[in-house]
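What follows is a set of notes on a single structure, which appears directly below.
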């Protein structure tokens, strides 16, 4: 691809401004650990929400989403349920409030808050650190694979490099340079740099989405799309089988992609995604950047608001861009892709479409926006992971009395180490799709059981958490290395059962340790679930305590929230393919669900705000007065 000088200048100015901004505000991050990793709990919830949305708007995910929309049409709106994307609904409805009430810095520190001290609690603390580090390495490899492919397709320079007997491809060199630039400002500025740059990146990315959306909508008609896609491509709903046959289209080789993915039995796939999604969503966010955003908010109610704003500002702009690129590629690149036979790399549809359809000037803006999407997500993971190594291992077990400067210095070194390890794994990644399916299905399968039970079952112990996570990690790793031929989502129930067995065995190995810590957790967090004996003891000791009776309301809000989120996915797609009737229908769904969430979630949240905030403040004062509680 040949870039105009103006586009090159825009990209270079953007990269320079991002690095400068990270260094400019780095003084705030160097004050102490809380400032470095959580921004001192002083950042506004809407800034954190925009930052969180930017972190979710990654370039690897955008490439993958364009490819699945190209292949599966409207049914691709369901495929992100592999994660599932609606775990964010569980977070804003109730989990964000529960998490923020802990007043801790990391997910591993939260485990100590949940299980207290003792051997089982220490083991559970260590295993969540291990999981956090493994998941971050996996995501770094995922991002490394995506950014290399993208840059090679859209940037004009061949940067391949011969290092002795090894040839470093241009794709790898681009990936190394972008990852290095992102790591510089992230490790220097910590959470302040991450949030400030991600807010800037989100603005750029949103403008870019609007530009490409306009280009796509005005360049393609509904009849043109209908002429190149198979019957059923525009249908959102489905039967037992996928029933998409590309053999009579200009791109018959798309059928090979469907066969490779193993999604032909779409009804079974949907059932598995729904089954997995409920468990994974109840487990809460994995210990990465979205959990860190929750813990960085000022109060529990602001944690919930931060989580909902992330969805509200993300999906429509993102899917407007995704749909635009998909339809442009379908209509104008079909013959070119059809000539590739079985060798189509569908993850390259996005960068190829940029080089073909975006005009001079806007190319630089769009590429800067997409680079910002990558850098935002990458920086979020770089900032999140070292907290586990330094705060949860070094500070807790090795040197609890070191200075903040030393902790921050070690955080920078651990960030660099994790980036190096993640990039090394990225060199061996076969494809984005392979990494996506393993992370979403196998790795998270080992996470779901233990992290669901920690919220809802009083008897669940630190030993149960440790063995549940350990069995899950063993099972998901075995799937990756020994059974790669099986589709990951279909293996999820096996991994879940294996992990659940570890939870049950570990829990009943010994009596419940740290009963007082469990009571304190229940009293401070106020979850619903199976807490009978603990609830009765807390109410006997604290007659004024009011337990959580919001299960039915939360369940209703989750169903409404999933519909609300789904409407924001399909509205831009229907708009782009000129299906105006369905666009109006889903627009009505969006308005109705917004009104229901306003009445049954937002208004209720505001009623509880003062109580929650006062509790949060008193808990923070308690922690300050008793620093040993934070260890």
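In this note's numbering, the protein residues as written are 2 to 632.
The beta-carbon is built from N, C-alpha and C at its ideal position, and this holds for glycine as well.
Query: Measure the Cβ-Cβ separation of residue 116 and residue 539 and say whether it is below 9 Å.; Result: no
Query: Quick check on the burial criterion: 16 or more other C-beta atoms within 10 angstroms. Buried or exposed for residue 151?; Result: buried
Query: Have a look at 246, 218, 468, 260 and flag the residue whose alpha-carbon is nearest the alpha-carbon of residue 229.; Result: 246
Query: Inspect the CB distances between the segment 81-91 and the segment 299-307 and report whether three or more fall short of 8 Å.; Result: no
Query: In chain order, what residues of the same chain have a beta carbon less than 6 Å from the beta carbon of residue 8, not counting five sequence neighbours either side?; Result: 364, 365
Query: As a quick exercise: from 112, 362, 426, 82, pick the residue whose alpha carbon is nearest that of residue 275.; Result: 82
Query: Would you grab the beta carbon distance between residue 320 and residue 578 for me? Rounded to a whole angstrom, and I think it's under 8 Å.; Result: No, residue 320 and residue 578 are not in contact; Cβ-Cβ is about 12 Å, not under 8 Å.
Query: Leaving out the 5 sequence neighbours to the left and right, which residues in its chain are closer than 6 Å to residue 324 when beta-carbon positions are compared?; Result: 573, 574, 577
Query: When the Cα atoms are used, what is the spatial distance from residue 606 to residue 124?; Result: 35 Å
Query: With a 10 Å radius around its C-beta and 16 neighbouring C-beta atoms as the bar for buried, classify residue 38 as buried or exposed.; Result: With a pLDDT of 47 at residue 38, under the threshold of 50, the modelled position of that residue is not reliable, and the figure given next carries that caveat. So residue 38 ends up on the buried side.
Query: One question on the structure: do residue 119 and residue 515 come within less than 9 Å of each other, judged by their Cβ atoms?; Result: yes
Query: Pick helix, strand or coil for residue 458, following the three-state DSSP scheme.; Result: strand
Query: So the candidates are 507, 466, 204, 527; which of them puts its Cα closest to the Cα of residue 370?; Result: 204
Query: Using only the alpha-carbon positions, how far apart do residue 1 and residue 557 sit?; Result: In the structure displayed, the chain extends from 2 to 632; residue 1 sits before or after that span and is not available.
Query: Kindly give me the distance between the Cβ atoms of residue 457 and residue 528, rounded to whole angstroms, as I take these residues to be in contact under 8 Å.; Result: 7 Å
Query: Can you look up residue 167 in the DSSP assignment and give me helix, strand or coil?; Result: strand
Query: Which one or two residues does DSSP pair with residue 162 in a beta bridge?; Result: 169
Query: Beta-carbon separation of residue 338 and residue 350 under 9 Å?; Result: yes
Query: Tell me, which residues are paired with residue 531 by DSSP?; Result: 458
Query: Is residue 463 closer than 9 Å to residue 112 when the C-beta atoms are compared?; Result: yes
Query: Alpha carbon to alpha carbon, how far is residue 354 from residue 220?; Result: 13 Å
Query: Kindly give me the distance between the Cβ atoms of residue 183 and residue 376, rounded to whole angstroms, as I take these residues to be in contact under 8 Å.; Result: 4 Å
Query: Applying the 10 Å Cβ sphere with the 16-neighbour rule, what's the burial state of residue 104?; Result: buried
Query: Please report the straight-line C-alpha distance between residue 185 and residue 44, rounded to a whole angstrom.; Result: 22 Å
Query: Rounded to whole angstroms, what is the Cα-Cα separation between residue 357 and residue 62?; Result: 21 Å
Query: In the segment 80-115, which residue ranges form an unbroken alpha helix (DSSP H) of at least 4 residues, counting only runs that do not cross its ends?; Result: 88-91, 97-101
Query: How big is the Cα-Cα spacing for residue 460 and residue 114?; Result: 15 Å
Query: Mapping DSSP to helix, strand and coil, what is residue 538?; Result: helix
Query: Does DSSP classify residue 52 as helix, strand or coil?; Result: helix
Query: Can you look up residue 515 in the DSSP assignment and give me helix, strand or coil?; Result: coil
Query: Work out the CA separation of residue 48 and residue 36 for me, nearest whole Å.; Result: Any reading at residue 36 must be qualified, since the residue scores a pLDDT of 49, below 50, and its modelled position is unreliable; the value itself is stated next. One C-alpha to the other measures close to 16 Å.
Query: What does a CB cutoff of less than 6 Å around residue 536 pick up in its chain, not counting 5 residues either side in sequence?; Result: 548
Query: Near residue 171, which residues of its chain fall below 6 Å by C-beta distance, leaving aside the five closest residues on each side in sequence?; Result: 153, 159, 160, 161
Query: Terminal residues of the continuous alpha helix (DSSP H) containing residue 261?; Result: 255-262
Query: Near residue 580, what residues of its chain come up, given a Cβ to Cβ distance below 8 Å and the 5 sequence neighbours on each side ignored?; Result: 223, 235
Query: Taking the alpha helix (DSSP H) that residue 408 belongs to, which residues open and close that run?; Result: 405-427
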